[in-house]
């Protein structure tokens, strides 16, 4: 590591006497890049792609499978572009990992230099060459400190053997997959860390998409496709791996009641029911969603149908949570497919019903709030992009962009209504012949006014690309008190949008470190009270589709000039209150002993 690498130049230590003594450093403000800033405009922010300017020159390569799938290769090889954010070397600057998906292609780990530039250190640190022929290829990654040593470890999930890399103090990574007991082969499109039993150690959940027995490079049969477009249950198995605390994991999936064989594209974990234990939400392709309620760390029970989130079959591709009304209720956003004149499933925004008799049920408010039509939707994230005090929504979309004047939709609709025996065999699927399939789509950025109205502003604020978007992550890459945007595109370039926000909009950031809880504080709830309202954000691992945001909690304050309090409910159950914390600063909080 270079001794001349720019660091955070000033740390101010503040000691607060709360429910324990927590030392809180505050980072100074730095710029992300030297590229000219855009005009924040009437929506309070503007985005400008500065990827090349800051040293990010990555272009994703999709996989190529068995020639028997050649006629529909763009469909079956349509995932793998992902982004996961973490400060892997604990220098105070957010870094990010990008996955590649062609045989023998290399993944990238971009280290943030703190001077507005990034350097790929993946090969140097041992996390680049992970897609070797015969071992499968990367579909995504997720960070989490599974051994509580203070450094974020890395799980790379694949169509193939998942890889667990232990972080050696930010200086390198060691492949500990075999010793840790990772599954031999999982065709996974999603995974997340969670402490499901609240023992202070991060457990791991990996969700299969294709069945484990399918080797997409060497097919024994072409009967590998879903049995139905509405209720398919012949997909991949799931893995709940309990952290034993000695560097190894044990498979407790069946014992914990998780039996799903649906085609899961995204999974996210959070305490959605107020029990103190993280629940699991699955966004499933070709069917209904699943919501597994955590029964005190002893068992998971699927309550999707009884709560309403799993009654209507769609093409679920995203799982993200957000307190959109600043009332402490986490809504669930699930992305689906909408193609005007062909198929309009509409995205779902499941908001918990209010009142004593709600019974844990949800209402789908996506149509009434205007966030339902997003094209062929993939990853989406909640975050306050304009620092006005409410959570906005950023969505990427687009399936296969090929022949601009041709479409595969008609042929696809023919197979979609076929009998299960026809649908299930890839040989019966019509040849794509180089045609587009919901390609060249405009992204969606919805600004939240906090009272039930979202306004779509993507083109106006600068999110004007039309690549086939898969994953999106939000992170303050320049320690400026604003959320920048990183987008991973399938078969396309990674984008880094620098965010320029209207001046004089205040903010506060909180970064947590667990002691009795897991060191990453994944599962913690942070409630920020300001201007007569309280916004809840949880520390999550995976969020969206094949993505992970920064763990740091960012809260825009709008015109508020003070924060009344920050209330932290740690995964251990401990409750900590910080009264009148300073604004326009990052507060690092360690769980009180």
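Numbering (the numbering used here), first residue to last: 1 to 593.
From the three backbone atoms N, C-alpha and C, an ideal C-beta is built for every residue, glycine too.
Since we're looking at a predicted model, the values are computed, not measured.
Roughly how far, in whole angstroms, is the beta-carbon of residue i from the beta-carbon of residue j, given that I think they are within contact range, below 8 Å?
i           : j           : result
residue 492 : residue 59  : 7 Å
residue 539 : residue 523 : 7 Å
residue 64  : residue 122 : At roughly 22 Å, the Cβ-Cβ gap does not stay under 8 Å, so residue 64 and residue 122 are not in contact.
residue 516 : residue 591 : 6 Å
residue 173 : residue 127 : 5 Å
residue 288 : residue 311 : 7 Å
residue 499 : residue 194 : No, residue 499 and residue 194 are not in contact; Cβ-Cβ is about 29 Å, not under 8 Å.
residue 454 : residue 393 : 7 Å
If we count the other Cβ atoms within 10 Å of its Cβ and call it buried at 16 or more, is residue i buried or exposed?
i           : result
residue 309 : buried
residue 159 : buried
residue 277 : buried
residue 546 : buried
residue 413 : exposed
residue 220 : exposed
residue 213 : exposed
residue 459 : exposed
residue 464 : exposed
residue 448 : buried
residue 641 : Outside the displayed range of the chain (1 to 593) lies residue 641, so it cannot be described from this structure.
residue 575 : exposed
residue 410 : exposed
residue 443 : buried
residue 104 : exposed
residue 36  : Bear in mind that the predicted position of residue 36 carries a pLDDT of just 43, short of 50, making it unreliable; the figure below should be weighed with that in mind. Looking at its Cβ environment, which holds fewer than 16 other Cβ atoms inside 10 Å, residue 36 is exposed.
residue 587 : buried
residue 589 : buried
residue 116 : buried
residue 535 : buried
residue 341 : exposed
Which partner residues does residue i have in the DSSP bridge list?
i           : result
residue 174 : 166
residue 196 : In the DSSP output, where bridge partners are listed per residue, residue 196 has none listed.
residue 587 : 510
residue 554 : 509
residue 498 : 48
residue 429 : Bridge partners of residue 429: none, in fact.
residue 456 : 446
residue 423 : According to DSSP, residue 423 bridges with nothing at all.
residue 120 : 110
residue 362 : 352
residue 538 : 525
residue 238 : 207
residue 100 : BP columns for residue 100 are empty, so no partner.
Does the beta-carbon distance from residue i to residue j come in below 8 Å?
i           : j           : result
residue 82  : residue 380 : no
residue 140 : residue 99  : yes
residue 93  : residue 479 : yes
residue 249 : residue 151 : no
residue 505 : residue 387 : yes
residue 569 : residue 580 : no
residue 146 : residue 216 : no
residue 378 : residue 331 : no
residue 316 : residue 265 : yes
residue 162 : residue 154 : no
residue 326 : residue 450 : yes
residue 165 : residue 297 : no
residue 198 : residue 520 : no
residue 501 : residue 41  : no
residue 231 : residue 191 : no
residue 279 : residue 525 : no
Looking only at C-alpha atoms, which of the options sits nearest to residue i?
i           : options            : result
residue 437 : 578, 467, 402      : 402
residue 554 : 484, 320, 270, 261 : 484
residue 79  : 397, 234, 561, 536 : 397
residue 346 : 70, 117, 314, 102  : 314
residue 244 : 181, 270, 592, 206 : 181
residue 582 : 551, 530, 279, 534 : 530
residue 110 : 162, 55, 227       : 55
residue 133 : 218, 240, 490      : 218
residue 431 : 394, 230, 407      : 407
residue 70  : 433, 176, 361      : 433
residue 86  : 476, 51, 188       : 476
residue 391 : 321, 342, 362      : 321
residue 486 : 518, 585, 95       : 95
residue 565 : 188, 125, 508      : 508
residue 239 : 211, 511, 131      : 211
residue 247 : 237, 149, 279, 385 : 149
residue 372 : 417, 384, 318, 177 : 318
Any beta carbon of chain C sitting closer than 8 Å to that of residue i?
i           : result
residue 461 : Protein chains in the displayed structure number just one, and chain C is not present.
The ligand GTP heavy atoms versus the CB of residue i: any closer than 7 Å?
i           : result
residue 229 : You won't find the ligand GTP in this model; it holds no ligand whatsoever.
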